[in-house]
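A.B. asks: The sequence shown runs -27 to -1, 1 to 355 under mature numbering (1 follows the signal peptide of the UniProt record, and there is no 0).
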Amino acid sequence: MFSRVRKARIAAPLLVLVMVLVPLLSACGGAQSAGPSGQTPQPAAPAAEPQQQEETSAAPEPAQEPAQPTPRTFVDQAGRTVTLPAEVNRVVTTWRPGTLLVISAGGRDKIVGVDSSSQKSEFLTAVFPGILDLPGVGNKKGLNVEQIVAVKPDVVFIWSGSDTEPVIQQLETQGIPAFVLIPESLDQMKEAVSLIGEILGTREQAQKMIQYYDDTLAMLKEKVGAIPEAEKLRVYMVGSSGVFSTVPGTMYQHFIIESAGGINVGAELEGGFSEVSAEQVVAWNPDVIVAVQYCDCTVDDILSNPQLQTVKAVRDGRVYMFPSSMDPWDYPEPRSILGMLWLATKLYPERMADVNLLEEVDTFHETFFGKSFTELGGTLDD
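1. For residue 238, collect the residues of the same chain with a Cβ closer than 7 Å to its Cβ; drop the 5 residues on either side in sequence, then sort them by chain order.
2. Using a Cβ-Cβ cutoff of less than 8 Å, which residues in the same chain neighbour residue 145 once the five nearest sequence positions on both sides are dropped?
3. To the nearest angstrom, how far is it from the Cα of residue 204 to the Cα of residue 320?
4. Using 10 angstroms around the beta-carbon of residue 59, count the other beta-carbons present and answer buried if the total reaches 16, otherwise exposed.
5. Could you name the residues of the same chain whose beta carbon sits closer than 7 Å to that of residue 119, not counting the 5 residues immediately before and after it, in chain order?
6. With a threshold of 6 Å on Cβ separation, who are the neighbours of residue 211 within its own chain once the five nearest residues in sequence on each side are excluded?
7. Mind listing, in chain order, the continuous alpha helix (DSSP H) runs of no fewer than 4 residues lying wholly within the region 117 to 180?
8. So, for residue 111: in the same chain, excluding its five sequence neighbours on each side, which residues have a beta-carbon less than 8 Å away from its beta-carbon?
9. Can you check the region 258 to 329 for any beta strand (DSSP E) of at least 3 residues that lies completely inside it and give the ranges in chain order?
10. Enumerate in chain order the residues of its own chain whose CB-to-CB distance from residue 85 is below 7 Å, with the five nearest sequence positions on each side excluded.
11. Let's test the definition: count the other Cβ atoms within 10 Å of the Cβ of residue 235 and tell me whether it reaches 16, buried, or not, exposed.
12. Could you check which residue in 177, 216, 53, 326 has the C-alpha nearest to that of residue 153?
13. If we call anything under 7 Å between Cβ atoms a contact, is residue 92 one with residue 104?
14. Can you tell me whether residue 305 is buried or exposed, with buried defined as 16 or more other CB within 10 angstroms of its CB?
15. Would you kindly work out how many angstroms separate the C-alpha atoms of residue 270 and residue 294, rounded to a whole number?
16. For residue 313, tell me which candidate among 349, 186, 254, 248 has the shortest Cα-Cα distance.
17. Can residue 261 and residue 286 be called in contact, C-beta distance under 7 Å?
18. For residue 79, collect the residues of the same chain with a Cβ closer than 8 Å to its Cβ; drop the 5 residues on either side in sequence, then sort them by chain order.
19. Starting from residue 67 and walking both ways along the alpha helix (DSSP H), at which residues does that stretch end?
20. Per the DSSP calculation, residue 47 is bridged to which residue(s)?
21. Report yes or no: do three or more beta-carbon pairs, one from the region 294 to 303 and one from the region 343 to 352, lie closer than 8 Å?
22. Name the residue from 351, 194, 324 whose alpha carbon lies nearest to the alpha carbon of residue 332.
23. Measuring CA to CA, which of 168, 55, 181, 132 is closest to residue 339?
24. With a Cβ-Cβ cutoff of 7 Å, do residue 122 and residue 147 count as a contact?
25. Mark residue 83 as exposed unless 16 or more other C-beta atoms lie within 10 angstroms of its C-beta, in which case mark it buried.
26. Can you tell me which of the three DSSP states residue 94 falls into?
27. Tell me where the beta strand (DSSP E) around residue 84 begins and ends.
28. Can you tell me the Cα-Cα spacing of residue 310 and residue 266, whole angstroms?
29. Between the C-alpha atoms of residue 229 and residue 308, what's the straight-line distance to the nearest angstrom?
30. Could you give the DSSP three-state label for residue 345: helix, strand or coil?
31. Whose C-alpha, out of 242, 44, 233, is nearest the C-alpha of residue 221?
32. Return the bridge partner residues of residue 247 from the DSSP annotation.
33. Nearest-angstrom Cα distance between residue 98 and residue 131?
34. Quick check: what's the CA-CA separation for residue 141 versus residue 325?
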């Protein structure tokens, strides 16, 4: 009995302990799932997976097409509007002054076709040996349009005349722009050089040429420009076809005479080289006669002409052949500035005494053509 009572005494407290602990343990287990408000929280959302690269990075912009170069528009010296490529690298010249204009403006390496007259020039073959390897495109007697088209020029520099209008139309039909140059006055000469420089992207060299031109004209004006009209020497310039052809006031050679301080006796004439009579030359009675290098005559022919023996220039022996030994300096191209210097020294040697003509000529050629006149074998002999 004692043992059963004792067991009962021990079991009773254990039972009480169990009854107390069970609720406490239940409360502890529930604390893990109950939120602060007593509500059961929802399971936490799983961590978001990293988005794919194409979702997090903006798609690259599609590559843009390079901007096409914008064509350029010019007005040529005939007043025509001409559209040219943004960059001109292939040039055809169709007459010798045009070739010389392009070269002096810095465009020699862009020439891909040239007139046959330029290829026959002793001067041009000396400063531009490669000219003989270029395709020939004819000359002022007739241009070969098919050959011009074949060399695929970006521009064709051409002279103004009724004979070139059909050529210009044929070229334009083929999509080839023709650009007319008319360097028949001092201002037109400078404008032609400037336009070529703009078209070919050789502005610096073109401007250098224009500056030399302006500086030389200013020097001539200072030395001979102030001579009173009544004291200026009267000049008869013999033209291309012989003693009795001369320069009208509309030709570039007229401005050469004026710039050198002379008076052109044929200034009232118009057109190209004009035929005149012996009686007219006698009536003009020029103080000086100069013959273009390519005239069909010599200085002796003029001095010995029986119809001119009463003319002052013949009586005084003041008859000269225009230089140079390599190429004429009276053409409407940049070297004509040297012709002005030369003529001024012949008309007014005392006023031009401090000008070393050969030195000026050498410097000019070296600056614009790469070799001095002397190196090229040129001479100033009349």
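Glycine included, each C-beta is placed from N, C-alpha and C at the ideal position. Fair warning: this is a prediction, and the values are worked out from it, not measured in the lab.
C.D. replies: The answer reads as follows:
1. Residue 238 sits at position 265 when you count from the first residue of the sequence shown. Result list for residue 238: 207, 208, 209, 257, 259, in chain order.
2. Here residue 145 is taken as the residue at index 172 of the sequence shown, counted from 1. Excluding residues within five positions, the ones whose Cβ falls inside 8 Å are 151.
3. On the sequence shown, position 231 is the one that residue 204 refers to. On the sequence shown, position 347 is the one that residue 320 refers to. Taking the straight line joining both Cα atoms gives about 11 Å.
4. If you number the sequence shown from 1, residue 59 lands on position 86. Answer is exposed; the Cβ neighbour count stays below 16.
5. For the purposes of this step, residue 119 is identified with residue 146 of the sequence shown, where counting begins at 1. So the list is empty, once near-sequence residues are dropped.
6. Residue mapping note: residue 211 aligns to position 238 of the sequence shown, counting from 1. Result list for residue 211: 264, 268, in chain order.
7. 118 to 123, 138 to 146, 159 to 173
8. Residue numbering aside, residue 111 sits at position 138 when the sequence shown is read from its first letter. Counting only Cβ-Cβ distances below 8 Å, and skipping sequence neighbours, we find 67, 88, 89, 117, 120.
9. Runs found: 261 to 264, 292 to 294.
10. On the sequence shown, position 112 is the one that residue 85 refers to. Here the set comprises 63, 64, 65, 107, 124, 126.
11. Here residue 235 refers to the residue found at position 262 of the sequence shown. Counting Cβ neighbours within 10 Å, residue 235 comes out buried, since at least 16 surround it.
12. Taking the sequence shown and counting its residues from 1, one reaches residue 153 at position 180. Out of 177, 216, 53, 326, 53 has the C-alpha closest to the C-alpha of residue 153.
13. If you number the sequence shown from 1, residue 92 lands on position 119. If you number the sequence shown from 1, residue 104 lands on position 131. Yes, these two residues count as a Cβ contact at 7 Å.
14. The count along the sequence shown starts at 1 and reaches residue 305 at position 332. With 16 or more Cβ atoms within 10 Å of its Cβ, residue 305 is classed as buried.
15. Counted from its first residue, the sequence shown places residue 270 at position 297. Counted from its first residue, the sequence shown places residue 294 at position 321. Answer to the nearest angstrom: the Cα atoms are 10 Å apart.
16. Counting from one through the sequence shown, the residue named residue 313 turns up at place 340. Comparing Cα-Cα distances from residue 313 to each of 349, 186, 254, 248, the minimum goes to 186.
17. The count along the sequence shown starts at 1 and reaches residue 261 at position 288. The count along the sequence shown starts at 1 and reaches residue 286 at position 313. For residue 261 and residue 286, yes; Cβs fall inside 7 Å.
18. As a first step, residue 79 is located in the sequence shown; it is residue number 106 there, counting from the start. Excluding positions up to five away in sequence, the list reads 170, 173, 175, 177, 178, 179.
19. By 1-based counting over the sequence shown, the position of residue 67 is 94. Careful: residue 67 lies outside any alpha helix (DSSP H) and carries neither H nor E.
20. Stepping through the sequence shown from its first residue, residue 47 is reached at position 74. Note: residue 47 sits in a beta bridge opposite 55.
21. yes
22. Translated into the one-based positions of the sequence shown, residue 332 becomes position 359. Closest option to residue 332, Cα to Cα, is 351.
23. The count along the sequence shown starts at 1 and reaches residue 339 at position 366. Of 168, 55, 181, 132, the residue nearest in Cα terms is 181.
24. Counting from 1 along the sequence shown, the entry for residue 122 is found at position 149. Counting from 1 along the sequence shown, the entry for residue 147 is found at position 174. In this structure, residue 147 lies closer than 7 Å to residue 122 by Cβ.
25. As a position in the sequence shown, residue 83 is number 110, starting the count at 1. The residue is buried, with at least 16 neighbouring Cβ atoms inside 10 Å.
26. On the sequence shown, position 121 is the one that residue 94 refers to. Residue 94: coil per DSSP, three-state reduction.
27. By 1-based counting over the sequence shown, the position of residue 84 is 111. Per DSSP, residue 84 belongs to the beta strand (DSSP E) from 84 to 86.
28. The sequence position of residue 310 within the sequence shown is 337, counting from 1. The sequence position of residue 266 within the sequence shown is 293, counting from 1. Distance between the alpha carbons of residue 310 and residue 266 is about 16 Å.
29. Numbered from 1 along the sequence shown, position 256 holds the residue referred to as residue 229. Numbered from 1 along the sequence shown, position 335 holds the residue referred to as residue 308. One C-alpha to the other measures close to 11 Å.
30. The residue given as residue 345 occupies position 372 in the sequence shown. Three-state DSSP puts residue 345 in coil, outside helix and strand.
31. Counted from its first residue, the sequence shown places residue 221 at position 248. Minimum Cα distance to residue 221 is reached at 242.
32. As a position in the sequence shown, residue 247 is number 274, starting the count at 1. When beta bridges are read from the DSSP output, residue 247 appears opposite 219.
33. For the purposes of this step, residue 98 is taken as the residue at position 125 of the sequence shown. For the purposes of this step, residue 131 is taken as the residue at position 158 of the sequence shown. Using only the alpha carbons, I get a separation of about 21 Å.
34. Within the sequence shown, the letter at position 168 stands for residue 141. Within the sequence shown, the letter at position 352 stands for residue 325. Approximately 45 Å, taken between the alpha carbons.
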